[in-house]
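Peer 1: Next up is a structure, given as structure tokens.
In full-length UniProt numbering, the protein residues as written are 1 to 174.
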């Protein structure tokens with residue numbers, strides 16, 4: 001049985017900053033992929049697959065101008081590019097309107113976490129990439145506190161976990 005659960009997070013200031021960085025990188029990757037698709041279509045080219053876009057984005061990440069993207073988990077940007085490609089495909093299938101670029105003001109800050117690398121305890125969740133050192137990754141200080149203890153079941157498969165900000169609080173939905 002598939003069940004959706006949404007729980008409020010209680011991050012500290014360092015974790016909040018990192019979450020906003022992840023959400024910004026996700027928005028940047030989505031907009032970049034959408035712009036590349038639109039540019040290709042206007043030139044009369046065909047649809048660019050998400051795997052090709054991810055290869056281009058990896059090259060972009062390693063350039064000096066976009067070196068700040070190296071501090072962000074690869075899975076965050078990878079899923080944002082997949083989401084942009086899905087939205088673009090759905091437009092041409094007639095299922096949705098043309099996808100809009102995400103703005104800082106209008107869109108909700110949110111990002112994806114890899115369902116294999118996310119870990120839950122009764123009171124905390126460990127998000128991927130919050131620390132670069134392995135020793136620090138094992139410490140509890142890199143775990144984000146959950147507002148409702150025991151609400152998210154442990155040792156189950158999580159489908160498409162997303163972290164979002166509603167203007168007041170951070171939320172995790174699994």
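Just so you know, even glycine gets a beta-carbon here, dropped at the ideal spot from N, CA and C.
Which runs of the alpha helix (DSSP H) at least 4 residues long sit entirely within the UniProt domain "Transposase putative helix-turn-helix" (1-46)? Give them in chain order.
Peer 2: Listed in chain order, the complete alpha helix (DSSP H) runs (minimum 4 residues) inside the UniProt domain "Transposase putative helix-turn-helix" (1-46) are 13-42.
Peer 1: Would you call residue 4 buried or exposed, if buried means 16 or more other Cβ atoms sit within 10 Å of its Cβ?
Peer 2: What you label residue 4 is simply residue 4 of the chain shown in a count that begins at 1. Classification of residue 4: exposed, given that the 10 Å Cβ count is below 16.
Peer 1: Whole angstroms is fine: what's the gap from residue 115's alpha carbon to residue 160's?
Peer 2: Looking up residue 115 in the chain shown gives position 115. Looking up residue 160 in the chain shown gives position 160. Spanning the two alpha carbons is a distance of roughly 6 Å.
Peer 1: So is residue 105 buried or exposed if we call it buried at 16+ other beta carbons inside 10 Å?
Peer 2: Within the chain shown, residue 105 is the residue found at index 105, counting from 1. Under this definition residue 105 is an exposed residue.
Peer 1: Where DSSP assigns a beta bridge to residue 124, which residues make up the other side?
Peer 2: The residue you call residue 124 lines up with position 124 of the chain shown. Per DSSP, 145.
Peer 1: Would you mind sorting residue 70 into buried or exposed? The rule is 16 or more other CB atoms within 10 Å of its CB.
Peer 2: As a first step, residue 70 is located in the chain shown; it is residue number 70 there, counting from the start. That one is exposed.
Peer 1: Within the continuous alpha helix (DSSP H) that includes residue 158, where are the two ends?
Peer 2: The sequence position of residue 158 within the chain shown is 158, counting from 1. From DSSP, residue 158 is part of no alpha helix (DSSP H); its letter is neither H nor E.
Peer 1: Less than 8 Å between the beta carbons of residue 34 and residue 112, yes or no?
Peer 2: As a first step, residue 34 must be located in the chain shown, where it is residue number 34. As a first step, residue 112 must be located in the chain shown, where it is residue number 112. It is not a contact, given that the beta carbons lie outside the stated cut-off.
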